[in-house]
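Data first, discussion second: the structure below is written as structure tokens.
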Amino acid sequence: MPKITFINLPEEKKQTLIIALKKEFSRVPLYDASISNIVKSANIPRGSFYQYFEDKEDAFFFLLNDLVITIRNNFVVLLKKYDGDLFAAMIDFYQLIIMEEEDVHFLKNAFLNMTYKIELSFSKIFRGQENSGSICEFLSSLNTSHLNVSNHKELFHLLQIVFTITLRNVVEKFAKDLPNQEALANYKMEMNLLKCGLVRKDS
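All the letters of the sequence shown, read from the start, carry residue numbers 834 to 1036 under this note's numbering.
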């Protein structure tokens, strides 16, 4: 988390630093990023950086978590658009991620250099704590009446499966540099397999 000195910065200075952070973390992955480049781009002394963040990892996860909140809010909008239909919303959501333009290089570096901590940040888009009173903030927007789940625990694991498939498809799209339409077709196929089930009804 950023330090209180960053929170209290005038908005213009704060945005200048955020732009510098995005520039560096879009250029290279987290562990190759240079604090020297960040402070040079933001036109601040190196010591000032450590008044705002503990280290470059702290700064990276500030950006990532902020982006996750935006993505999550967009996902809730899509759920409402499709009357809580998880699978219909996921198709649009996947397109939103792979066709992102403003933060595409930042996202690509994050996805292609995934750590458990980065994955955990992305997973917050789809879930809260398994044993919390509300399995996730968007539960009220999710129509579970047509899902084959009988309790919150099963719903939690269903969301985990959907998240895992989505994450793998995003990583594959970036790693193989797939055209958007090919990546979308692959994702739709896997979502349809999940939606329809993997065992023939007459088996």
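Every residue, glycine too, gets a C-beta built ideally from N, C-alpha and C.
Being a predicted model, the structure only gives us computed values, none of them experimental.
Judged by DSSP secondary structure, Lys846 falls within the alpha helix (DSSP H) whose first and last residues are Glu844 to Arg860.
DSSP places Tyr915 in the coil class of the three-state scheme, outside both helix and strand. Cβ-Cβ distances below 6 Å link Ile951 to Ala943 in the same chain, with the five nearest sequence neighbours on each side left out; the list follows chain order. Residue burial annotation: Thr999 is buried, with at least 16 other C-beta atoms found within 10 angstroms of its C-beta. Between Val909 and Ser974, the CB-CB gap stays under 7 Å. Closest by C-alpha distance to Lys957, out of Val1004, Leu929 and Val901, is Val901. Contact check for Ser983 and Asn898: beta-carbon distance about 33 Å, past the 8 Å limit, so the pair fails to qualify.
Collapsing the DSSP output to three states places Ile877 in coil.
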